[in-house]
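Scroll down for the structure; my scribbles are underneath it.
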Amino acid sequence: MDPGWLILCFFLIIEVLLVTLLIFPMPSNTVRGVVLDGIRKVWKMYPNIRTASAVIMFLNIWYFWSAMQFIYSDAAYNTENKEVRLKLFREERNAYLTGFGIFNFLVLYRLLDLHTQLHDAREAQKREQTVKKDS
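Taking this note's numbering, the leading residue of the sequence shown gets 697, the next gets one more, and so forth.
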């Protein structure tokens with residue numbers, strides 16, 4: 697197995713776990729704040745994580761491009777040769793995996809943005825209510 701695929705597999709597992717965490721309903725805005733602060737702290741505290749995720753996304757896009765090049769080449773549709781058919785099957789599988797990884801990364805980015813906006817809006821609403829109560 698290519699080490700690049702192993703890295704992409706672990707990165708995809710981490711992405712799926714983070715997206716799953718963010719999709720679950722949060723019981724309160726405090727819990728949402730704790731989750732978001734934890735993710736933000738890890739992201740800002742370790743610049744190596746940002747660099748690694750950028751490199752892994754580049755690797756993901758590179759593998760996706762490579763798979764799509766083979767899928768759309770003329771040599772891929774030589775259906776008489778079983779080795780070529782097997783390679784076509786593997787490249788299609790790889791295209792699905794890398795495409796899902798890219799899509800999942802974009803979903804994760806958007807979910808973090810939405811949760812941040814929701815957390816800030818609820819905090820502002822809570823401040824307004826306390827100001828009205830005190831008045």
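C-beta: ideal position from N, C-alpha, C; glycine also.
Asked	Found
At least three beta-carbon pairs within less than 8 Å, the stretch 812-830 to the stretch 781-792	no
Cβ pair count under 8 Å reaching 3, the stretch 720-728 against the stretch 766-783	no
Which of helix, strand or coil DSSP assigns to F760	helix
D698 (DSSP reduced to helix, strand or coil)	coil
Other residues of its chain near L784: CB distance less than 6 Å, five sequence neighbours each side excluded	A772
7 Å CB neighbourhood of M764 in its chain, flanking five on each side removed	A791
C-alpha distance - L802 paired with L708, whole-angstrom precision	12 Å
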